[in-house]
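Remarks on the structure that follows.
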Amino acid sequence: MSNTIKTGCALGIIGGIVAMIGLVLYLEVDNSAVVTMSVYMLAAVLFFALAGAFSMNSQWSWKVLMFMNFVTLGIIIGGAIADYYNMWWAVVEAVIGILIVIVSVSGETKMWLTEPHTA
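Structure follows, in structure tokens:
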């Protein structure tokens with residue numbers, strides 16, 4: 015497993031943890047906050063899914079990985095524009111998402127996802 019793949023997995027896990035921390039920090043006990051909390055939770059789930067794409071047993075193709083990268087970035091940016099996401103928290107999450115995109119476009123990642131691999 016190359017350092018690029020490990021970096022992608024680590025960034026996905028960090029992004030998920032940061033989203034969960036955001037969920038806790040901006041938690042509001044109110045029925046009107048359900049959508050806001052759902053956006054934070056969705057971002058966390060998507061980041062953890064991206065981390066899984068860089069794992070040994072990944073079943074995603076490179077095209078699916080890129081699609082999920084942009085879905086994750088779209089949720090974060092859309093949530094920030096709709097004011098469901100705190101702007102500074104969205105910037106941090108978007109930077110992590112962009113770093114995952116950069117890792118995803120490397121040749122090593124394409125090769126890792128297309129060829130069978132072992133430990």
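Going by our numbering, the sequence shown opens with residue 15, and the numbers climb by one from there.
Positions of the beta carbon are idealized from the N, C-alpha and C atoms, including for glycine.
Taking the Cα of residue 79 as reference, the smallest distance to any Cα among 93, 128, 99 is reached at 128. In the displayed model, residue 80 falls within a helix according to three-state DSSP. Residue 95 and residue 60 have their alpha carbons spaced roughly 19 angstroms apart. Contact check between the segment 70-89 and the segment 32-42: fewer than three CB pairs, one atom from each, fall below 8 angstroms, which does not count as touching.
Residue 17 has its alpha-carbon roughly 15 angstroms from the corresponding atom of residue 66. Each of 113, 125, 117, 31 was checked against the Cα of residue 57, and the nearest Cα belongs to 31. For residue 116 against residue 104, the beta-carbon gap comes to about 18 angstroms, at or over 8 angstroms, which does not count as contact.
Per the coordinates, the alpha-carbon of residue 19 lies some 12 angstroms from the alpha-carbon of residue 113. If you compare the alpha carbons of 124, 106, 39, 111 with that of residue 63, the shortest gap goes to 111.
Burial is judged here by how many other beta carbons sit within 10 angstroms of a residue's own beta carbon; residue 102 has fewer than 16 and is exposed. Check the Cα spacing between residue 97 and each of 54, 28, 26, 120: the tightest is with 54.
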